[in-house]
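Undergrad: Have a look at the structure that comes next, please.
Number of protein chains: 2
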Amino acid sequence: MVRSVQRNGGGDGPQTVRAQKALVRLVQARRLGPGAQLPNQAQLRALLGFSNDSLSAAMNRLVELGFLQRRRRVGTTVADPGATPPGLWRIGILTSSPWEEFVSPFDSQLLHYLQAHIGRRLCVPCIYFHTPGLRPAVPGDRRPDFPGLTADLESGVVDGLMSRFSVDGESATEAWDPGVPVCYAGSWEEAPCGACIDYRELVVNGVELLAARGCRRIGLVSAAPPTAEFHRFWGGFTAAMKENGLSIRPDRPVCSGQGPQGGRQVAAQLLALSPRQRPDGLMVVDDRICTGLCAGLREASDYRPVIVTHANHQAPLDFALPVTRIEVDIDALADRAVSMLLARVLDPTLADERVYLPPLAVAVARKDRRICA
Amino acid sequence: MVRSVQRNGGGDGPQTVRAQKALVRLVQARRLGPGAQLPNQAQLRALLGFSNDSLSAAMNRLVELGFLQRRRRVGTTVADPGATPPGLWRIGILTSSPWEEFVSPFDSQLLHYLQAHIGRRLCVPCIYFHTPGLRPAVPGDRRPDFPGLTADLESGVVDGLMSRFSVDGESATEAWDPGVPVCYAGSWEEAPCGACIDYRELVVNGVELLAARGCRRIGLVSAAPPTAEFHRFWGGFTAAMKENGLSIRPDRPVCSGQGPQGGRQVAAQLLALSPRQRPDGLMVVDDRICTGLCAGLREASDYRPVIVTHANHQAPLDFALPVTRIEVDIDALADRAVSMLLARVLDPTLADERVYLPPLAVAVARKDRRICA
Numbered sequence: 001m002v003r004s005v006q007r008n009g010g011g012d013g014p015q016t017v018r019a020q021k022a023l024v025r026l027v028q029a030r031r032l033g034p035g036a037q038l039p040n041q042a043q044l045r046a047l048l049g050f051s052n053d054s055l056s057a058a059m060n061r062l063v064e065l066g067f068l069q070r071r072r073r074v075g076t077t078v079a080d081p082g083a084t085p086p087g088l089w090r091i092g093i094l095t096s097s098p099w100e101e102f103v104s105p106f107d108s109q110l111l112h113y114l115q116a117h118i119g120r121r122l123c124v125p126c127i128y129f130h131t132p133g134l135r136p137a138v139p140g141d142r143r144p145d146f147p148g149l150t151a152d153l154e155s156g157v158v159d160g161l162m163s164r165f166s167v168d169g170e171s172a173t174e175a176w177d178p179g180v181p182v183c184y185a186g187s188w189e190e191a192p193c194g195a196c197i198d199y200r201e202l203v204v205n206g207v208e209l210l211a212a213r214g215c216r217r218i219g220l221v222s223a224a225p226p227t228a229e230f231h232r233f234w235g236g237f238t239a240a241m242k243e244n245g246l247s248i249r250p251d252r253p254v255c256s257g258q259g260p261q262g263g264r265q266v267a268a269q270l271l272a273l274s275p276r277q278r279p280d281g282l283m284v285v286d287d288r289i290c291t292g293l294c295a296g297l298r299e300a301s302d303y304r305p306v307i308v309t310h311a312n313h314q315a316p317l318d319f320a321l322p323v324t325r326i327e328v329d330i331d332a333l334a335d336r337a338v339s340m341l342l343a344r345v346l347d348p349t350l351a352d353e354r355v356y357l358p359p360l361a362v363a364v365a366r367k368d369r370r371i372c373a
Numbered sequence: 001m002v003r004s005v006q007r008n009g010g011g012d013g014p015q016t017v018r019a020q021k022a023l024v025r026l027v028q029a030r031r032l033g034p035g036a037q038l039p040n041q042a043q044l045r046a047l048l049g050f051s052n053d054s055l056s057a058a059m060n061r062l063v064e065l066g067f068l069q070r071r072r073r074v075g076t077t078v079a080d081p082g083a084t085p086p087g088l089w090r091i092g093i094l095t096s097s098p099w100e101e102f103v104s105p106f107d108s109q110l111l112h113y114l115q116a117h118i119g120r121r122l123c124v125p126c127i128y129f130h131t132p133g134l135r136p137a138v139p140g141d142r143r144p145d146f147p148g149l150t151a152d153l154e155s156g157v158v159d160g161l162m163s164r165f166s167v168d169g170e171s172a173t174e175a176w177d178p179g180v181p182v183c184y185a186g187s188w189e190e191a192p193c194g195a196c197i198d199y200r201e202l203v204v205n206g207v208e209l210l211a212a213r214g215c216r217r218i219g220l221v222s223a224a225p226p227t228a229e230f231h232r233f234w235g236g237f238t239a240a241m242k243e244n245g246l247s248i249r250p251d252r253p254v255c256s257g258q259g260p261q262g263g264r265q266v267a268a269q270l271l272a273l274s275p276r277q278r279p280d281g282l283m284v285v286d287d288r289i290c291t292g293l294c295a296g297l298r299e300a301s302d303y304r305p306v307i308v309t310h311a312n313h314q315a316p317l318d319f320a321l322p323v324t325r326i327e328v329d330i331d332a333l334a335d336r337a338v339s340m341l342l343a344r345v346l347d348p349t350l351a352d353e354r355v356y357l358p359p360l361a362v363a364v365a366r367k368d369r370r371i372c373a
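In order, the protein sequence lines correspond to chains C and A. According to my numbering, the stretch in the first sequence is residues 1 to 373, in order. According to my numbering, the stretch in the second sequence is residues 1 to 373, in order.
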């Protein structure tokens, strides 16, 4: 049953693959539907700049695949503009180096879903890890170092980039134009183009929910510092606290560590306060921190604040105390970001766009709006 | 500050890249160390079959990178056999389609760590998703369908494959020889070559730990059925139960669902038994199932069995009841599997090998051996 891949014959050469990509892009950019006529071969050669051989081979392959159709006396027309060759497009994902930086389970899952949505669209994801220090430092050269990326962009192996990478609130591509479309996915509020979880909406919902439950003193538990990268989040939190006449207790956000251990430290900090100083409501912006916080409080005392936590819909957890979850849909975030990027790969003339994805809402009436519960 | 990638000039052509790969492989397969002499250009041409131009360009690049060295009257020698060009090797990862099959957080994290360890070695990971039904069915053709893979193997874009894929206990590559080295990483006990978590060791440790705590009636909580794929695991469990004179209660493993919800169902099943029928020890083979199980038991009753759970060291969780964790090191698993694969990419003559990685052990003396606690 063992069968070797035929290395000679059957495969498309690099020029044929490029010509296929150019033809598919032409159809997409001109919004040609089924039955629409393609320019003739001489026009295509002038437009796209390939040899007759490459163009013919590419068109034959696209006819085989059902993307194009050839009819006598009519010429070549579009058959099914959705039927692009499986694996034709390769999407690079730029990401931080997990061996240098903390990678949260959210990061892992988002990366996974991004890959899955690229794969589901029959494209091949390729991962480029930021690897500082590979290239000798050159003053003024702010290009981040991703091994293999430059060569792959030069040879046309990569058709678009999904960025999970930002340093000091700057994307990988601000200092450098890769020459292919780029979209961001994650929590970075200022991405030039991409999809972003709306943590502002999430934290405002959480504060309103705590206020509706009668809480007056809110503790914010988050491992993310109030940096410029999250100014919508922090602005939203401050505004919602003010609007609901709440005070923040303790007077600065707690949590210095990640994961359950960070949560247990928060529990110890809160229990060290006198009962009157303790918050009566907690807004927790990480579900794994929340597991440790609940376990720590449950084991050590009968202090029972109202707890609302950010949770990831695709990785549900259970807690040692009653907790209201406001869920983030990582799958939907990845789907949206991949859609945006692939639309730009097929039609590079599309403009940049930034969308914020709200958390998953369950209908709980409060005042005149819906909040999550 | 915006700078476009130079598409013409500066980049290595595909033949130069192939010649670089061939030269690096030659050095590795012959185990040439620093200072060792390379065959002369005529011999290299005969050995490797490239044009003089491609060979010269490749050697120049490898000298630039510090892999080779040219010295007057000595010729070309090996400088640093570890200094291969960043991004030269591309490693494909074969994986199931997450939009068709259940993907556990373990799967996501392992995929992430595999990518990270490939990236840390300055190689580029590319993901190929199994996508059944793309190709018309041909009798006798058992090749799994991974969009883009065949073309990438034909064009030499992919140098090795890491498999996370198995169907009915058969790997993606048993029915088909991809022509490049393949290693497996995960829990599949019968992988021809690769690294596998030793779930047998884990479950035996768990049973011994429960016996040492005085448990006599053990409940096994696992969502994995006792299939041939896990015969070591099931064999180990049965043998350890027998050796310690324990009985399994209820008489078949419980848990039909995944995640915390599955755990809550197990809690309900156990609470439906009469107190005398309930197990006094639980071996749980999934930490997220364990979060729901503990929360369900804690909320509903004061039934408190001894609980041991399998946990992922890289994603610690906290539980509503005291739980002993036996941790699996996903990072070490990925590291080992990637090392095995890259050794074979550099020297394809290396033989297949299978290793089982034991769970992380904490010293707790029982009888004459160390077990996890």
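Every residue, glycine too, gets a C-beta built ideally from N, C-alpha and C.
#1: Spatial neighbours of GLN6 of chain C within its chain, please: CB distance less than 8 Å, with the 5 preceding and 5 following residues excluded, ordered by chain position.
#2: Would you call the stretch 123-135 of chain A in contact with the stretch 145-155 of chain A, where contact means no fewer than 3 C-beta pairs closer than 8 Å?
#3: Of the residues A:GLU201, A:LYS242, A:SER56, A:TRP89, which one's Cα is nearest the Cα of PHE233 of chain A?
#4: Tell me whether PHE50 of chain A sits in a helix, a strand or coil according to DSSP, three-state version.
#5: Go ahead and label TYR356 of chain C buried or exposed: buried means 16 or more other beta carbons lie within 10 angstroms of its beta carbon, across all protein chains shown.
#6: Determine the contact status of LEU153 of chain C and VAL180 of chain C, defining contact as a CB-CB distance below 8 Å.
#7: When the Cα atoms are used, what is the spatial distance from SER51 of chain C to ARG45 of chain C?
#8: Would GLY49 of chain C count as contacting chain A if we go by Cβ distances under 8 Å?
#9: For ALA22 of chain A and MET162 of chain C, I'd like the C-alpha separation in whole angstroms.
#10: Please report the residue range of the alpha helix (DSSP H) in which ARG73 of chain C lies.
#11: Under a Cβ-count criterion, where at least 16 other Cβ atoms within 10 Å of its own Cβ denotes burial, should ALA36 of chain C be classed as buried or exposed?
#12: May I have the straight-line CA-CA distance separating ARG366 of chain C from GLU189 of chain C, to the nearest angstrom?
#13: Any beta-carbon of chain C closer than 8 Å to the one on ASP251 of chain A?
#14: Going along chain C, which residues have a C-beta under 8 Å from LEU317 of chain A?
#15: Taking the C-alpha atoms as reference points, what is the distance between LEU282 of chain A and GLN265 of chain A?
#16: Thinking C-alpha only, which one of C:THR84, C:LEU114, C:ASN205, C:VAL158 is nearest ASP335 of chain C?
#17: Looking at the C-beta of CYS255 of chain A, does it have a partner C-beta in chain C at a distance below 8 Å?
#18: Could you tell me the alpha carbon to alpha carbon distance between ASP198 of chain C and ASP286 of chain C, rounded to whole angstroms?
#19: Is it right to say LEU88 of chain A is buried, meaning 16 or more other beta carbons lie within 10 angstroms of its own, or is it exposed?
#20: Does any C-beta atom of chain A lie closer than 8 Å to the C-beta of TYR128 of chain C?
#21: So what's ARG18 of chain C in DSSP terms, helix, strand or just coil?
#22: Taking CB distances under 8 Å as the criterion, tell me whether ALA300 of chain C reaches chain A.
#23: Under 8 Å: do the stretch 291-298 of chain A and the stretch 257-272 of chain A share three or more Cβ pairs, one atom per stretch?
#24: Please report the distance separating the alpha-carbon of VAL2 of chain C from that of LEU346 of chain A.
#25: Please classify ARG70 of chain C: is it buried, with 16 or more other beta-carbons within 10 angstroms of its beta-carbon, or exposed?
#26: I'd like to know whether the C-beta of ALA19 of chain C is nearer than 8 Å to at least one C-beta of chain A.
#27: Please report how far the alpha carbon of VAL138 of chain C lies from the alpha carbon of TRP176 of chain C, in whole angstroms.
#28: Just the Cα atoms here: how many angstroms apart are VAL157 of chain C and SER222 of chain A?
#29: Would you list the residues sitting across from ILE218 of chain C in a DSSP beta bridge?
#30: Take LEU149 of chain A and list the residues in its own chain whose beta-carbon comes closer than 6 Å to its own, dropping the five residues that flank it on each side.
#31: Assuming PHE67 of chain A and ALA58 of chain A form a contact by the criterion Cβ under 8 Å, report the distance between their Cβ atoms to the nearest whole angstrom.
#32: With distances taken Cα to Cα, identify the nearest neighbour of ARG344 of chain C among C:ALA212, C:GLU243, C:TYR184, C:ARG249.
#33: So, does the CB of GLN442 of chain A fall closer than 8 Å to a CB anywhere in chain C?
#34: Does the beta-carbon distance from PRO316 of chain A to GLY259 of chain C come in below 8 Å?
#35: Alpha carbon to alpha carbon, how far is GLY245 of chain A from ASP352 of chain A?
#36: By the 10 Å Cβ neighbour count, where 16 or more other Cβ atoms means buried, how is THR349 of chain C classified, buried or exposed?
TA: So, to answer that:
#1: Only weak support is given to the placement of GLN6 of chain C: the predicted model assigns it a pLDDT of 37, under 50, and the question is left unresolved by the model.
#2: yes
#3: A:GLU201
#4: coil
#5: exposed
#6: yes
#7: 7 Å
#8: no
#9: 31 Å
#10: Unbroken run through ARG73 of chain C: none, as it is neither H nor E.
#11: exposed
#12: Caution applies to ARG366 of chain C, whose pLDDT of 38 falls short of 50 and renders its modelled position unreliable; the model cannot decide the point.
#13: no
#14: PRO260, ARG288, THR291, LEU317
#15: 14 Å
#16: C:LEU114
#17: no
#18: 14 Å
#19: buried
#20: yes
#21: helix
#22: no
#23: yes
#24: Interpretation of VAL2 of chain C is limited by its pLDDT of 34, a score under 50 that renders its predicted location unreliable; the figure taken from the coordinates is listed afterwards. C-alpha separation (whole angstroms): 23 Å.
#25: exposed
#26: no
#27: 14 Å
#28: 43 Å
#29: C:ILE248, C:GLY281
#30: TYR128
#31: About 10 Å; that fails the 8 Å criterion.
#32: C:TYR184
#33: The question about residue 442 of chain A has no answer, for chain A in this structure spans 1 to 373.
#34: yes
#35: 39 Å
#36: exposed
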